[in-house]
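So this note's numbering is basically just the index in the first sequence, starting at one, shifted up by 72.
For glycine and all other residues, C-beta sits at the position ideal for the given N, C-alpha and C.
Just so it is clear, the structure is predicted and the values come from calculations on it, not from any experiment.
Some notes on the structure that comes next.
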Amino acid sequence: MIKITLPDGAVREYAPGITALEIAKSISEGLARKVLAANVNGQVWDATRPIKKDAALKLLTWDDKDGKTTFWHSSAHLMAEAVESLFPGVKFWVGPALTKEGEKGFYYDMDLGGTKISEEDLRKLEKKMNELAKSGSNYIRKEIPKAEALQYFSGKGDEYKLDLLQGLQDGEITFYSQGNFTDLCRGPHIPHTGFIKAIKLTNIAGAYWKNDEKNKMLTRVYGVTFPSQKELDEYLLLLEEAKKRDHRKLGKELGIYTMDDDVGPGLIMWLPNGTIIIEELENLAKETEHAAGYKRVITPHIAKESMYLTSGHLPYYAESMYPPMELEGEKYYLKSMNCPHHHKIFAAEPKSYRDLPYRIAEYGTVYRYEQSGELFGLMRVRCLHMNDAHIYCTKEQFEAEFRAVNEMYIKYFKIFGIDKYVMRLSLHSPEKLGQKYVNEPELWKETEEMVRQVLISSEIPYMEVQDEAAFYGPKIDVQIYSVIGREFTLATNQVDFSQGRSFKLQYTTADNQSDTPLIIHRAPLGTHERFIGFLLEHYAGKLPVWLSPLQVKILPISDKFLDYAQSILQKLKNYDIRAEVDDRQEKIGKKIRDTELSRVPYMLVVGEKEMTENKVAVRRQGRGDLGAKTVDDFINEINIEIKERTAE
RNA sequence: GCCGUUGUAGCUCAGUGGUAGAGCACUUCCUUGGUAAGGAAGAGGUCGUGAGUUCGAUUCUCAUCAACGGCUCCA
73 MIKITLPDGA VREYAPGITA LEIAKSISEG LARKVLAANV NGQVWDATRP
123 IKKDAALKLL TWDDKDGKTT FWHSSAHLMA EAVESLFPGV KFWVGPALTK
173 EGEKGFYYDM DLGGTKISEE DLRKLEKKMN ELAKSGSNYI RKEIPKAEAL
223 QYFSGKGDEY KLDLLQGLQD GEITFYSQGN FTDLCRGPHI PHTGFIKAIK
273 LTNIAGAYWK NDEKNKMLTR VYGVTFPSQK ELDEYLLLLE EAKKRDHRKL
323 GKELGIYTMD DDVGPGLIMW LPNGTIIIEE LENLAKETEH AAGYKRVITP
373 HIAKESMYLT SGHLPYYAES MYPPMELEGE KYYLKSMNCP HHHKIFAAEP
423 KSYRDLPYRI AEYGTVYRYE QSGELFGLMR VRCLHMNDAH IYCTKEQFEA
473 EFRAVNEMYI KYFKIFGIDK YVMRLSLHSP EKLGQKYVNE PELWKETEEM
523 VRQVLISSEI PYMEVQDEAA FYGPKIDVQI YSVIGREFTL ATNQVDFSQG
573 RSFKLQYTTA DNQSDTPLII HRAPLGTHER FIGFLLEHYA GKLPVWLSPL
623 QVKILPISDK FLDYAQSILQ KLKNYDIRAE VDDRQEKIGK KIRDTELSRV
673 PYMLVVGEKE MTENKVAVRR QGRGDLGAKT VDDFINEINI EIKERTAE
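This is how it looks when you write it as structure tokens:
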């Protein structure tokens with residue numbers, strides 16, 4: 073007999089070779105009907121795989137992350153079976169479940185050999201999958217010797233699976249079959265296809281083989297499945313809801329920004345409403361930076377080629393810059409970063425250690441030639457306005473400065489109520505030294521450790537990622553997700569041990585020597601484009617009062633009270649409160665509805681009663697009637713909310 | 001840049017080988033109405049752009065631009 077330890081600590085004895093599914097049955101039939109897979113000694117297994125030795129066992133159902141992953145991976149196999157029956161001769165690459173935060177479903181990459189697949193085909197495939205699922209075929213695991221596996225796939229002329237086999241050792245190769253479909257697969261799988269009750273193939277996309285753009289492009293079909301139609305419906309509804317929060321939709325609805333074919337792709341024009349948001353953000357940045365000892369500077373949008381040779385941008389990042397324009401025999405580039413200009417400002421006057429840390433800030437406009445397929449609303453654009461600053465400091469000052477920058481992030485995030493983010497320590501890749509990264513192996517190690525120590529001692533939770541550093545040094549990135557699940561770097565705090573030397577930046581030390589400062593590049597508010605895109609989604613368009621382009625709408629009950637409404641408008645304007653009167657000849661219900669939908673935070677309803685008492689009936693967007701107040705009381709309260717930048 | 005889809009009024013969308021339609025928004029008039037849609041009339045589009053097929057193209061074909069969904073990329 074073998075001992076099986078369950079998650080609650082209970083130990084049960086079974087005959088060797090028992091499966092997780094049989095164990096589930098021994099506990100309860102109901103449980104057995106839900107088991108998708110099993111965690112055996114920390115590894116996810118088929119629920120139908122015999123357990124031969126003592127083990128810790130956790131039964132996995134739809135409620136477990138690993139249960140879902142197994143379910144979706146098995147769904148990918150089911151889809152492959154359907155594809156093979158509709159498109160004979162198709163060759164498959166890999167078909168994993170989606171595992172990233174917030175993602176649901178699976179895909180399968182395939183080579184259809186020139187056949188194009190359409191939306192219509194997806195519907196046919198769904199139908200086929202439903203048929204196959206109903207048959208309830210078991211997923212059958214088989215261990216196969218490598219030689220036999222090689223023979224099988226070379227017989228089929230399947231170069232993709234042969235390629236996968238190359239990386240596998242004899243003895244670790246398994247095939248899985250269900251119905252008429254057999255695939256090289258590590259597994260695990262759910263017991264049978266009958267679990268898959270609701271199927272939706274979501275889209276067709278191209279994907280480079282092995283994620284390398286030099287390779288052939290395969291066809292990728294995405295799909296999502298659920299154990300019940302209800303869950304699929306809920307999921308689709310959720311997607312619809314997310315679309316409503318998409319910053320591109322909100323940006324249009326709220327009159328934040330526009331783009332135009334004649335201006336060019338990725339070039340944002342900020343409408344008056346968007347410009348108000350920008351001005352408020354810049355005011356916040358100015359106040360914060362002023363308090364933290366930064367000085368503001370302004371630099372031009374272009375510079376000569378020679379500066380970008382010095383900075384290292386041209387050798388490392390020419391492809392991401394707009395091509396140069398030639399004037400008077402010189403090449404000029406649109407700037408893709410502000411740092412070189414700022415370095416020149418540092419160098420403009422001799423510096424001593426007494427001048428350090430030297431902190432200069434600018435909402436700098438930069439231009440980046442992003443690939444056309446990468447552009448994405450406000451989140452990925454070609455002209456952006458960075459909340460940029462550079463701190464030039466000594467090695468001794470570095471830690472305190474770097475820490476202060478992190479603290480500034482956190483202060484900002486509090487204001488915006490941003491609590492879902494990931495701090496990412498972005499490190500270099502040693503094998504890319506001299507290509508993607510400046511070739512200074514020792515300095516890389518040293519500064520990476522320095523940054524890590526700041527994070528650890530500040531007790532900031534973070535994750536480490538290789539090959540995400542800037543070319544001049546490691547950085548801390550703050551990662552966020554758009555409503556449709558795309559990941560972006562919102563803010564960044566970077567160390568630069570390289571450009572100070574490239575630009576021959578110097579300061580005089582206390583013992584009258586010369587030294588090169590370390591540089592911190594930081595952008596806690598990222599760029600206006602990405603930050604406002606993020607804020608629109610974060611607040612679902614309901615911006616806090618201090619950021620709202622229009623803060624108050626005055627709604628007279630009828631024309632008779634227009635004068636009174638105008639007098640209130642004047643008072644609000646005296647306090648720089650952004651307000652308008654709705655002077656349309658509409659009923660109050662209509663005015664309220666329209667104002668609610670346009671997400672103006674405060675509505676002031678004024679009629680006979682309010683006019684005689686010199687009051688306003690206050691209504692808060694999304695919350696309804698708050699009752700009557702005197703105009704002065706209302707002004708005092710909203711002023712506090714604006715000045716304190718209250719989060720909601 | 002690559003694969004795929006889409007492109008009709010300010011917005012959301014319908015439609016057709018014989019030069020276009022709805023709802024909302026807009027304008028005017030009636031209505032002066034107390035907390036999420038009062039009524040009527042009107043104006044508004046060379047159907048993304050260019051070329052081809054055709055007696056005739058917004059509709060079919062090709063090219064091009066842009067947007068969208070992915071891939072690659074993201075200093």
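Chain-order list of residues whose beta-carbon lies under 8 Å from that of residue i (same chain, five-residue window excluded)
| i | result |
| --- | --- |
| proline 337 | Met331, Ser444, Leu447, Arg454 |
| glycine 114 | Ala128 |
| glycine 365 | Pro429, Arg431 |
Contacts around residue i, its chain only, beta-carbon distance under 6 Å, and the 5 residues preceding and following it disregarded
| i | result |
| --- | --- |
| lysine 423 | Tyr579 |
| tyrosine 484 | Pro596 |
| cysteine 257 | Tyr248 |
| glycine 346 | Ile328, Tyr329 |
| threonine 371 | His413 |
| proline 88 | Ile74, Lys124 |
Beta carbon of residue i nearer than 8 Å to that of residue j
| i | j | result |
| --- | --- | --- |
| lysine 214 | phenylalanine 225 | no |
| leucine 131 | isoleucine 262 | no |
| alanine 439 | methionine 495 | Inspection of the sequence shows that residue 439 is occupied by tyrosine rather than by alanine. No. |
| arginine 524 | leucine 562 | no |
| glycine 295 | methionine 151 | yes |
| tyrosine 307 | alanine 357 | no |
| leucine 450 | tyrosine 329 | yes |
| asparagine 14 | glutamate 153 | The structure shown does not extend to residue 14, since the chain is modelled only from 73 through 720, so no value can be given for it. |
| isoleucine 268 | serine 157 | no |
| glutamine 571 | serine 408 | no |
| isoleucine 710 | valine 678 | no |
| proline 260 | aspartate 242 | no |
| histidine 149 | serine 209 | no |
| threonine 291 | methionine 182 | yes |
| valine 555 | aspartate 318 | yes |
Continuous beta strand (DSSP E) stretch holding residue i: start and end
| i | result |
| --- | --- |
| phenylalanine 225 | Phenylalanine 225 -> not in any beta strand (DSSP E); alpha helix (DSSP H) instead, spanning 218-228. |
| glycine 436 | 430-439 |
| arginine 213 | 212-215 |
| tryptophan 117 | 115-118 |
| alanine 651 | 651-653 |
| glutamine 250 | 246-250 |
| leucine 131 | 127-132 |
Residue i - partner residues in DSSP beta bridges
| i | result |
| --- | --- |
| glycine 278 | Thr291 |
| histidine 261 | Answer by DSSP bridge pairing: none, since histidine 261 is not bridged. |
| glycine 696 | Arg692 |
| phenylalanine 560 | Ile552 |
| serine 394 | Residue identity differs from the one stated: residue 394 is tyrosine in this sequence, not serine. Beta-bridge pairing links tyrosine 394 to no other residue. |
| phenylalanine 448 | Arg452 |
| isoleucine 463 | Arg431, Ile592 |
| lysine 163 | Asp183 |
| threonine 581 | Its beta-bridge partners do not exist; DSSP assigns none. |
Residue interval of the alpha helix (DSSP H) (run including residue i)
| i | result |
| --- | --- |
| leucine 322 | 319-325 |
| methionine 683 | 680-685 |
| lysine 642 | As written in the sequence, residue 642 is glutamine, which differs from the lysine given in the question. Here the alpha helix (DSSP H) through glutamine 642 covers 634-646. |
| proline 412 | 411-420 |
| methionine 522 | 513-529 |
| threonine 77 | Where threonine 77 is concerned, there is no enclosing alpha helix (DSSP H), although the beta strand (DSSP E) it sits in stretches over 74-77. |
| methionine 201 | 191-207 |
| aspartate 183 | Taken as a continuous stretch (DSSP letters only), aspartate 183 belongs to no alpha helix (DSSP H), being part of the beta strand (DSSP E) at 178-183. |
| isoleucine 604 | 600-610 |
| histidine 145 | 137-158 |
| histidine 500 | First-last for histidine 500: undefined, no H or E at that position. |
| proline 99 | Per the sequence shown, the amino acid found at residue 99 is isoleucine instead of proline. Counting along the chain, the alpha helix (DSSP H) containing isoleucine 99 begins and ends at 92-99. |
Sequence-distant residues of the same chain with beta carbon closer than 7 Å to residue i, five excluded per side
| i | result |
| --- | --- |
| methionine 397 | Tyr404 |
| aspartate 138 | Ala109, Asn111, Val116, Leu132 |
| isoleucine 340 | Tyr329, Met331, Leu450, Val453, Cys455, Glu601 |
| leucine 197 | Met151, Ala154, Val155, Leu158, Leu273 |
| glutamate 473 | Pro429, Ile463, Cys465, Ile592 |
| glutamate 173 | Tyr553 |
| lysine 176 | Leu170, Val296, Tyr307 |
| leucine 204 | Leu150, Glu153, Ala154, Gly251, Thr265 |
Presumed contact (8 Å Cβ cut-off) between residue i and residue j, rounded CB distance
| i | j | result |
| --- | --- | --- |
| glutamate 614 | arginine 671 | With the sequence shown as reference, residue 614 is identified as lysine, and glutamate is not the correct amino acid for it. Yes, they are in contact, since the Cβ atoms of lysine 614 and arginine 671 sit about 5 Å apart, within 8 Å. |
| isoleucine 490 | histidine 610 | 7 Å |
| arginine 475 | serine 530 | 6 Å |
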